[in-house]
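> First the structure, which I've put down as structure tokens, then a few questions once you've had a look.
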Amino acid sequence: MIPEWIRVHEGALWGIGALSIVALVGTLIVIPVLVIHIPVDYFQRRKRNPRPYQGWHAVIRLLLLALKNILGIIFVVAGLAMLLLPGQGFITILIGIMLLNFPGKLALELRIVRQPAVLRAINWMRAKANKPALKVPGPALRGRDKRGKR
Numbered sequence: 001m002i003p004e005w006i007r008v009h010e011g012a013l014w015g016i017g018a019l020s021i022v023a024l025v026g027t028l029i030v031i032p033v034l035v036i037h038i039p040v041d042y043f044q045r046r047k048r049n050p051r052p053y054q055g056w057h058a059v060i061r062l063l064l065l066a067l068k069n070i071l072g073i074i075f076v077v078a079g080l081a082m083l084l085l086p087g088q089g090f091i092t093i094l095i096g097i098m099l100l101n102f103p104g105k106l107a108l109e110l111r112i113v114r115q116p117a118v119l120r121a122i123n124w125m126r127a128k129a130n131k132p133a134l135k136v137p138g139p140a141l142r143g144r145d146k147r148g149k150r
């Protein structure tokens, strides 16, 4: 039964396998390039540029915004797939989220980048490119002083 299903779907399985390899190789090249271009203080900025293409024609602005968000969705989906497949899943998801526009984005970005393994991997890539480590604020102390006491 299973060998017959594999035979029937052989073309699709080869396609999925090839796509997985292309995605893995692509992310091994693209993700480090994107990571080294993150500004050192990106996660410390409270104010973001709400209109990065302000001087441009409205149609071009809308098109670029749509393309940026579509690319962000692709990165998030690819990162989710990489949680099960080989690849840099959490970093890919983080890059995707950084490209998206939605309320509460900074809090989600910080939640991901504060994961020790994620921050260590990002800063390792940046060190290899002779870029300084990212400055990431510590977690908010809710109702506690600096020593962690109430």
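Take 1 as the starting number for the sequence shown in this note's numbering and just add one per residue.
We put the CB at the ideal spot given by N, CA and C, even for glycine.
1. Suppose you measure from the CA of Ile74 to the CA of Val22; what does that come to, to the nearest Å?
2. How many angstroms separate the CA atom of Gly17 from the CA atom of Leu83?
3. Label Arg120 either buried or exposed according to how many other C-beta atoms from any shown protein chain fall within 10 Å of its C-beta, with 16 as the threshold for buried.
4. If you check the beta carbons only, do Leu100 and Gly72 fall under 7 Å apart?
5. So what does DSSP say about Ile38, is it helix, strand or coil?
6. List the endpoints of the continuous alpha helix (DSSP H) containing Gly96.
7. Closer than 8 Å by C-beta to Ile112: which residues in its own chain qualify, once you throw out the five before and the five after it? Chain order, please.
8. Would you kindly check if the distance between the Cβ of Gln44 and the Cβ of Pro137 is under 7 Å?
In short, the structure shows the following:
1. As a first step, residue 74 must be located in the sequence shown, where it is residue number 74. As a first step, residue 22 must be located in the sequence shown, where it is residue number 22. Taking C-alpha positions only, Ile74 is separated from Val22 by approximately 14 Å.
2. The sequence position of residue 17 within the sequence shown is 17, counting from 1. The sequence position of residue 83 within the sequence shown is 83, counting from 1. Inter-residue distance for Gly17 and Leu83 is about 16 Å (C-alpha atoms, whole angstroms).
3. Along the sequence shown, one-based indexing puts residue 120 at 120. The residue is exposed, with fewer than 16 neighbouring Cβ atoms inside 10 Å.
4. As a working mapping, residue 100 is identified with position 100 in the sequence shown. As a working mapping, residue 72 is identified with position 72 in the sequence shown. Yes, these two residues count as a Cβ contact at 7 Å.
5. Here the question's residue 38 lines up with position 38 in the sequence shown. In the three-state reduction of the DSSP assignment, Ile38 falls in the coil class.
6. Within the sequence shown, numbered from 1, the residue matching residue 96 stands at position 96. Unbroken alpha helix (DSSP H) run through Gly96: Gly89 to Leu99.
7. The residue you call residue 112 lines up with position 112 of the sequence shown. Once the five neighbours on either side are set aside, the close Cβ partners of Ile112 are Phe90, Ile93, Leu94, Ile97 and Val118.
8. As a first step, residue 137 is located in the sequence shown; it is residue number 137 there, counting from the start. As a first step, residue 44 is located in the sequence shown; it is residue number 44 there, counting from the start. Pairing Pro137 with Gln44 gives a Cβ-Cβ distance under 7 Å.
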